[in-house]
Amino acid sequence: MTALNMAYRYVPIFTIILVLIGVFGIHLAQGAPPQVSTATPTGLSATAVSPTQINLFWSAPTQNYGKTIVGYKIEQQLSQGVFDVLVYNTGNTITAYSMTGLKTGTAYTYRVSAVYSDDTSTDPSNIATAIPSSTSSQSSTPPVSPAIKHVKFDFVPSDGTVLSGVIFDQNNYLALQYKKDPRSIILDVVPTVDPTNNNLDNLLSYQNNHLNDDTVPAPLIAKAVSPTQINLSWLPPLNQYGQKLTGYEIELKNAPGDYQVIDENTGNGTTQYFLDGLTPNTTYTYRVFAVYPGTHSNPSNEASATTLEYVQPPIQKPNQNTSSISAPPSSGTTSTSNTVSPVTNVHLDFTAPDGVLLSGVILSQSDYQQLVIIKDPRSILSNVTQTSSTINNVLSGILRYQTLHAAQESETVPPPAPVVNSSQPSQQPGKPQPADNTLITGVVTSVVASGVVGITTWFVRTKIARKIAKEYHFTLERVSSTMSSQIQIRNSGETIEDCVIICERDTCVWIDTNLDKPRHIYEGSVSSVIIPKEFENKNPLIIVKSGKKTLRKIMLDDMAHG
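Residues in the sequence shown are numbered consecutively from 720, following the numbering used here.
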């Protein structure tokens, strides 16, 4: 009984001790929160740095599940819950991006996602909004723009005749993606609250009246990017008559009927060309030809662009303080804060395959992103930083430098003469010495490991680069014949590998082979499949796949009719 009383006497004490331990543990947990892993980009911010530019900054995800981030996808909000992809893959891991060519006074909202090496991406980040203004400043709480329901863009059919400032509602804009000619181009897409000024039927009619021959490169588009540079871009001919395209010829128009050859043959199938060293505020007109062995196509449409006007930088006064530390203001004067230039370019050192270093290269973000993808795997980019310094090179110049400094086959070098080490005891002539197995094993292992690592690195980077850089451009049309209903796929972009077309869950049969096996759809080709009879009078879901990757999903009734 005495022991029981003693136990009851100490119960309140034990209870108080347990409560104190619990409170102390809670306090420790609150004071030192565990590190939280993030699976998406975080902290996205948007800052207006000029009347036409917004800079985006964010933090990379910390939980990547063993995958490697190779770039970021950037999307712009068109309306509540509707986003348009502006950049599918930046091609680098820099957590900043500049959006240029924007409209002053318009609110822009963005979000970003990380892109992995297996071509998958994370969920999007938070959204961020900024409004470019004439004073290049943004309020802490930007005004909310009205609900954006329309889309403004420029439309370029294959003859190069630009129809500017087209405003569609979102339904017509999305339908246009599927019903337009594969060589019609949509440029400078921005959301707008302005009323619509056109419709899908009128635009398709305009397109059909401005079609170019499918045997020429078209449409050719020229765009001035600086006071001294114009960039050309075009789509390859759809019909190449079975010939192998070896490159493109570029011509400059001096006067009506007078053309000057700039490049007789680019030597590759790249459909871009950068012209530098031009005169500011001057209009240039170009045309291109597709080059085949011994011949070339008819010319493309002519495309003109006017280089930007050169703006003289402000002249610094002789007594102006250039030090980064400003002197204290004298009495009666007001100190002014220095304006920090926006970071828009990329500074790097470029090591060519033969080991020759080109240091201090400054490229635009666009050129740098392309260089990461298409450079020789043996070329090395080092000391990559962001900078506000002036661009001193272009992508085409770096690629030419790389070509000039390609790695050469090493000449056979005779083995060096044996060196006698006097510190070692002399060997008895005629008596063979046992081989040093440890040394031989180490050398062989090192050589094999170096080779495996080099080959693996080259293979992975090449496969990843090709996968990232690949873009598909094709259209689907529903074609009716007396025998059956068909779906026609017209490919104007890169080869679609292991392509299949699925109707609901059934794989469609290719007309020319009568098989449903995967096949390659080559650039410029047209292929057809038969719609299964059970779906002829229905509206099934059509899926186009390349291997395991889904390229497009569309309802049959939403297709254009051929």
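Glycine residues also receive a C-beta, built at the ideal position from the N, C-alpha and C atoms.
A quick note: this is a predicted structure, and the numbers were derived from the prediction, not measured.
Three-state secondary structure assigned by DSSP to residue i
i     : result
I894  : The question names Ile, yet the displayed sequence has Ala at residue 894. Here A894 sits in helix by DSSP.
T915  : coil
G1116 : helix
Y978  : strand
H1190 : Checking the sequence shown, residue 1190 turns out to be Glu, not His. Coil at E1190, not helix or strand.
S1098 : coil
S1244 : coil
A1184 : Summary for A1184: the model assigns pLDDT 49, below 50, so the residue's position carries little reliability; its value from the coordinates is reported in the next sentence. The answer is helix: DSSP assigns A1184 an H, G or I state.
L1270 : strand
N774  : strand
I1285 : Not covered by the structure: residue 1285. The range shown for the chain is 720 to 1281.
Y1087 : helix
I1093 : helix
A1279 : strand
Y960  : coil
L805  : strand
S924  : helix
T1283 : Any property of residue 1283 remains undetermined from this structure, which presents the chain solely from 720 to 1281.
Q1121 : helix
Q889  : helix
I940  : strand
L797  : strand
H1239 : strand
A849  : strand
A1022 : strand
G884  : strand
T1201 : coil
T828  : strand
L954  : coil
Cut-off 6 Å between Cβ atoms - residues of its own chain near residue i, not counting five sequence neighbours on either side
i     : result
Y1241 : T1214
L1275 : N1258, P1259, I1261
P1144 : At P1144 the pLDDT is 43, less than 50, meaning the model places this residue with poor confidence; the figure from the coordinates comes in the next sentence. Cβ neighbours of P1144 beyond the five flanking positions: none.
V1080 : L1067, F1069, N1112
G1266 : D1217
K1264 : V1219
R1271 : V1263
S903  : P876, Q926
Beta-carbon proximity list for residue i, same chain, < 8 Å, skipping 5 on both sides
i     : result
Y960  : T934
P999  : P946, T947, T1026, L1027, E1028, Y1029
N1017 : D932, T934, V935, F1008
Burial state of residue i, where buried means 16 or more other Cβ atoms lie within 10 Å
i     : result
S1108 : exposed
T1122 : exposed
Y1087 : buried
K871  : buried
P914  : exposed
T795  : A small fix is needed here, since residue 795 is Gln in this sequence, not Thr. By the 10 Å Cβ count, Q795 comes out buried.
Q1358 : Nothing can be reported for residue 1358: it is not among the residues displayed for the chain, which extend from 720 to 1281.
H1124 : buried
V1091 : buried
Y784  : exposed
A941  : buried
S832  : buried
S1078 : exposed
Residue(s) in a DSSP beta bridge with residue i
i     : result
V875  : I904
P910  : V870
V1007 : I969
H1066 : I1081, T1104
W1229 : V1248
E1253 : DSSP, once it has assigned bridges, lists no residue as partnering E1253.
S1016 : According to DSSP, S1016 bridges with nothing at all.
L994  : I949
I1261 : C1222, I1273
A833  : Y791
M818  : I773
L766  : According to the sequence displayed, residue 766 carries Thr and not Leu. Answer is N774.
S840  : V834
E1196 : Q1207, A1279
L1234 : Answer by DSSP bridge pairing: none, since L1234 is not bridged.
Spatial neighbours of residue i in its chain, beta-carbon cut-off 7 Å, leaving aside the 5 residues before and after
i     : result
I1230 : Q1205, S1247, V1248, I1249
R1238 : C1218, W1229
K792  : V804, V806, Y807, N808, V831, S832, V834, S840
Three or more C-beta pairs closer than 8 Å, one from the segment 840 to 847 and one from the segment 921 to 928: is that the case here?
No, the segment 840 to 847 does not touch the segment 921 to 928.
Counting pairs of beta carbons, one from the segment 905 to 923 and one from the segment 1194 to 1213, are three or more of them closer than 8 Å?
Output reads no: the segment 1194 to 1213 does not touch the segment 905 to 923.
Is there contact here, the segment 960 to 980 with the segment 994 to 1006, by at least three beta-carbon pairs under 8 Å?
Touching, yes, given that three or more Cβ pairs across the two stretches are closer than 8 Å.
So, does the segment 817 to 836 touch the segment 767 to 781, judging by three or more C-beta pairs under 8 Å?
Between the segment 817 to 836 and the segment 767 to 781 there are three or more inter-stretch CB-CB distances shorter than 8 Å, so the stretches are counted as touching.
Tell me, please, whether the segment 1066 to 1074 touches the segment 1093 to 1100 by the rule of three or more beta-carbon pairs shorter than 8 Å.
In the pairwise beta carbon analysis, the segment 1066 to 1074 is classified as touching the segment 1093 to 1100: at least three pairs are separated by under 8 Å.
With a cut-off of 8 Å, do at least 3 Cβ pairs link the segment 1242 to 1252 to the segment 1205 to 1219?
The answer is yes - the segment 1205 to 1219 touches the segment 1242 to 1252, with three or more Cβ pairs under 8 Å.
Determine contact between the segment 879 to 886 and the segment 799 to 817, defined as no fewer than three beta-carbon pairs at a distance below 8 Å.
Output reads no: the segment 799 to 817 does not touch the segment 879 to 886.
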